[in-house]
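Asker:
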Amino acid sequence: MSFALLYRSLSHTRWYWSVSQNFTQKSERQFTWESAADLAADYPKLRSHYPTLFAKKRAEAFWIYDLAHDDATQLSLAAADSADVPADDAPQAETKNDKTIAIDSPTAVDSMALQTNTSKQQGSDPKTPEHFALMVDGKNNASCYYSRTLKKFVVKVNEHASVWDRRDSAIDVGKELAINDSFWLGHAEYDRATLRLVRVEDGERIWPQLAGDGLPMPEPELIDRFRQKISAHVDDDGPAASTMSLAKAARHEVETIDFERFNLKKILAAVDYLIDALRLKTTAERQLKVFDQSILQDYLHVIELTELDQIDAQRLVASLQSNRRARRQIKDLKIILSALAKSFDVQQFLNILLSEPSLGSQYYFRDQATATQVKEMIH
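Residues in the sequence shown are numbered from 378 upward in steps of one, following my numbering.
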């Protein structure tokens with residue numbers, strides 16, 4: 378015999394607990410138990426493991442459905458278990474084969490597709506699957522979900538957001554989206570800097586990682602790629618002759634630039650220096666707290682609790698002055714780095730720079746006359 382967990386909504390729609398560990402209207406996706414007693418025993422465990430999925434569902438609307446006899450028996454919980462259950466709401470739709478999922482709320486990601494020890498048909502407890510979605514903040518800081526199929530962000534209930542079961546694939550899509558200037562120009566209502574990848578099951582941020590101060594930090598390999606590419610681009614030896622092509626050459630008037638004043642190497646070295654300096658922001662904030670909450674407090678309490686004739690005033694003042702000046706140096710650095718962190722998006726800067734094709738090893742002549750003349754000089 379087979380039994381399924383049935384939920385009847387106020388609109389008389391039938392929802393079944395599925396093999397994907399969420400609710401579905403498709404009867405062929407039902408998870409089944411061998412006996413009604415097994416289902417009744419597992420029911421409280423399901424509510425405990427999936428509080429989000431059960432939170433908006435009326436406890437009195439759950440039934441044990443006998444598939445063989447097309448009959449249902451109402452399930453019940455103790456009063457303590459069923460108290461404070463809010464009004465009925467439409468359950469979350471299940472994950473489809475095309476990797477899209479309906480999100481109940483545009484401001485939260487519900488737990489979904491988790492495996493539990495109640496899987497009677499699987500014989501063992503499989504590894505919990507993971508699913509990932511790209512998010513961004515929209516108007517009023519509302520979280521919106523990216524739909525790769527629709528080429529836009531989902532902002533309404535029951536629209537479909539793209540979901541990946543491989544984090545690497547999802548991160549690759551996120552990186553491509555982050556540097557797609559034309560896309561963001563057409564979606565100015567979304568905060569590009571908040572683009573992030575989250576795990577659907579628990580909402581945990583996966584990419585990009587955050588520094589201690591809550592700011593997105595570039596991945597180490599991104600910085601390495603930046604430094605390698607820039608190093609090759611400004612190499613004094615220049616590109617090899619074999620990488621030059623006449624295919625895109627055109628006629629233009631050449632304008633001159635004062636490279637003594639605008640030195641590319643110095644600019645890039647300064648950017649590299651700033652990226653390293655930004656990493657000190659959290660350290661500076663922590664050191665400032667040590668001075669304010671510990672070191673300087675010690676000096677004040679010594680003055681408060683010690684008789685003046687017992688204090689070597691000259692040494693104490695000199696030591697206090699030294700620590701105050703050290704604190705001032707750290708505070709000044711913290712102020713500068715905080716302002717820089719708020720105005721300079723390192724992640725966006727590196728992504729845009731690395732996406733620039735002109736920084737690659739292939740060069741295309743722009744001026745046809747120059748190209749023809751120079752090509753004759755290359756052996």
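Just so you know, even glycine gets a beta-carbon here, dropped at the ideal spot from N, CA and C.
Assign Ser524 to one of three DSSP states: helix, strand, or coil.
Answerer: strand
Asker: Closest to Phe509 by CA distance: which of Glu753, Arg525, Trp541, Leu677 is it?
Answerer: Trp541
Asker: Let me check one thing: in DSSP terms, what residues is Arg573 bridge-paired to?
Answerer: Met512
Asker: Ends of the beta strand (DSSP E) at Phe439?
Answerer: 439 to 443
Asker: Under 8 Å, do Leu554 and Leu572 count as touching if we go by C-beta distance?
Answerer: yes
Asker: Is DSSP giving Arg391 helix, strand or coil here?
Answerer: strand
Asker: What is the residue span of the alpha helix (DSSP H) that Leu727 lies within?
Answerer: 723 to 731
Asker: Within this structure, are the beta carbons of Glu566 and Gly515 separated by less than 8 Å?
Answerer: yes
Asker: Using only CA atoms, which one of Gly580, Asn557, Ala445, Asn700 lies nearest to Asn728?
Answerer: Asn557
Asker: Measure from the alpha carbon of Gln724 to the alpha carbon of each residue in Trp584, Lys433, Glu753, Ala661, then state which is nearest.
Answerer: Trp584
Asker: Considering Asp448, what are the terminal residues of the beta strand (DSSP E) in which it resides?
Answerer: 448 to 451
Asker: Closest to Pro506 by C-alpha separation, out of Asp635, Val577, Gln451, Ile634, would be which residue?
Answerer: Here the closest residue by C-alpha is Val577.
Asker: Would you please state the rounded distance, in angstroms, between the beta carbons of Leu416 and Phe380? I believe it to be under 8 Å.
Answerer: 5 Å
Asker: Using CA atoms only, rank isn't needed, just tell me which of Lys433, Arg692, Ala413, Arg582 is closest to Asp448.
Answerer: Ala413
Asker: With 16 other CB atoms within 10 Å as the buried threshold, where does Phe721 fall?
Answerer: Counting every other CB atom within 10 Å of its CB across the protein chains shown gives Phe721 a total below 16, marking it as exposed.
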